[in-house]
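For what it's worth, the UniProt record's numbering labels the leading residue of the sequence shown as 1, then goes sequentially. Heads up, the thing below is written out as structure tokens.
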Amino acid sequence: MNRILILEDEPALNEMMCDFLEGEGYKVTSCASYDEAVGLASKGFDLFIFDVKIIGGNGFELLRELRESGIKTPCIFTTSLNTTDDVQKGFSSGCDDYLKKPFELRELLVRVQNVLRRVFGGSLIKLNNELSFDALQKRVLRGNEPIDITKKECDLLALFVANSGKTVTRDEIYTHLWGYDEPSEMSLRVYIRKLRILLGNERIISHSKVGYEFVPFE
Numbered sequence: 001m002n003r004i005l006i007l008e009d010e011p012a013l014n015e016m017m018c019d020f021l022e023g024e025g026y027k028v029t030s031c032a033s034y035d036e037a038v039g040l041a042s043k044g045f046d047l048f049i050f051d052v053k054i055i056g057g058n059g060f061e062l063l064r065e066l067r068e069s070g071i072k073t074p075c076i077f078t079t080s081l082n083t084t085d086d087v088q089k090g091f092s093s094g095c096d097d098y099l100k101k102p103f104e105l106r107e108l109l110v111r112v113q114n115v116l117r118r119v120f121g122g123s124l125i126k127l128n129n130e131l132s133f134d135a136l137q138k139r140v141l142r143g144n145e146p147i148d149i150t151k152k153e154c155d156l157l158a159l160f161v162a163n164s165g166k167t168v169t170r171d172e173i174y175t176h177l178w179g180y181d182e183p184s185e186m187s188l189r190v191y192i193r194k195l196r197i198l199l200g201n202e203r204i205i206s207h208s209k210v211g212y213e214f215v216p217f218e
């Protein structure tokens with residue numbers, strides 16, 4: 001189940017978006033202010049949906065701050081600001097899509113689905129000859145049956161899959177798995193070891209003092 005963080009300070013619209021997306025099978029957390037979003041953003045979400053005119057700040061600046069802190073979670077802006085300059089500001093701050101208000105909830109769903117597919121490169125990704133990763137449901141499958149791995153191991157694998165062939169730094173991993181909590185190097189090593197047992201040592205390359213690179217299955 002993909003986790004979505006919604007930032008919308010208009011209560012009725014916030015509730016409508018949450019109810020609709022939960023009805024479509026997503027796990028949704030909502031907030032109404034800049035500070036609330038900052039506190040929640042590092043909690044392992046798969047997608048942000050941010051209004052731009054928000055209590056306590058500006059959605060563009062919020063996303064820019066999160067990107068600078070190493071949070072790469074994809075983001076859709078929803079806003080009544082609709083000039084070309086506004087759209088340019090949105091994308092330059094690091095967003096993945098821009099939805100102008102008013103919008104139909106079905107259109108929002110299409111945007112959510114498209115961004116998640118684009119980020120993860122398709123829903124079902126082969127890990128080896130036996131295993132695949134369902135990027136939208138965030139689970140590892142052997143055939144059609146899910147196998148038992150911990151949430152943090154699955155979150156780490158999702159981060160690797162989304163950045164296949166690229167070096168993911170330790171700081172990026174710490175932010176993704178622990179957010180503002182104290183990270184654990186020992187726990188990270190355990191997660192890496194378990195994923196290597198599952199996939200093969202050659203699939204996760206260590207880059208000394210930098211991070212790890214996930215080698216996609218061919």
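We treat Cβ as the ideally placed atom computed from N, Cα and C, and that holds for glycine.
From the options, residue whose alpha carbon lies closest to that of residue i
| i | options | result |
| --- | --- | --- |
| G44 | N58, E172, G165 and F217 | E172 |
| S80 | F103, N14 and V140 | F103 |
| R193 | V215, E153 and K209 | E153 |
| L7 | F77, G90 and F160 | F77 |
| K209 | P183, E218 and R170 | R170 |
| R3 | I49, K126, E218 and N163 | I49 |
| E145 | V87, F133 and L156 | F133 |
| E22 | L5, T167 and A37 | L5 |
| I149 | I125, L199, S184 and K101 | L199 |
| residue 242 | N163, K101, G211 and I197 | The requested residue 242 is not part of the displayed model; the chain covers only 1 to 218. |
| K101 | N163, K89 and K53 | K53 |
| D155 | L40, Y191 and D86 | Y191 |
| N14 | L105, T84, E218 and Q88 | L105 |
| L127 | C18, M17, E218 and R189 | E218 |
Expected contact under 8 Å - CB spacing of residue i and residue j to nearest Å
| i | j | result |
| --- | --- | --- |
| S42 | G56 | Rounded, the Cβ-Cβ distance is 18 Å, inconsistent with contact. |
| L109 | L99 | That belief does not hold up - the Cβ atoms of L109 and L99 are roughly 11 Å apart, past 8 Å. |
| E130 | R117 | Not quite, the Cβ-Cβ distance comes to about 24 Å (not below 8 Å), so this is no contact. |
| V168 | L159 | 6 Å |
Own chain residues within Cβ distance below 8 Å of residue i, not counting five before or after
| i | result |
| --- | --- |
| T175 | S42, S69, G70 and I71 |
| G165 | E213, F214, V215 and P216 |
| R196 | R203 and I204 |
| N58 | Y34 and V52 |
| V38 | L62, E65 and L66 |
Close beta carbons around residue i, own chain, < 7 Å, minus the five adjacent residues each side
| i | result |
| --- | --- |
| V115 | L47, P74, I76, D96 and D97 |
| I125 | S132, F133, A135 and V161 |
| S93 | F60, L63 and R64 |
| V119 | P74 and A162 |
| E24 | L109 |
Residues bridged to residue i [DSSP beta-bridge criterion]
| i | result |
| --- | --- |
| N167 | It is worth fixing the name first, because residue 167 is Thr in this sequence and not Asn. DSSP lists E213 as partners of T167. |
| R3 | K27 |
| K152 | Bridge partners of K152: none, in fact. |
| I205 | E213 |
| S184 | According to DSSP, which records beta bridges pairwise, S184 is partnered with nothing at all. |
| D96 | Answer is none; D96 lacks a bridge partner. |
| N58 | K53 |
Residue i Cβ short of 7 Å to the ligand NAD heavy atom set
| i | result |
| --- | --- |
| S164 | For the structure depicted, the ligand NAD is absent and the ligand set is empty, with no information on it obtainable. |
Contact set for residue i: own chain, Cβ-Cβ below 6 Å, skip 5 residues either direction
| i | result |
| --- | --- |
| I147 | V140 |
- Query: Is there contact between the segment 198–214 and the segment 61–68, where contact requires at least three CB pairs shorter than 8 Å?
  - Reply: no
- Message: Whether or not the segment 130–143 and the segment 175–192 are in contact is what I'm after, with contact meaning three or more pairs of Cβ atoms, one per stretch, closer than 8 Å; do they touch?
- Response: no
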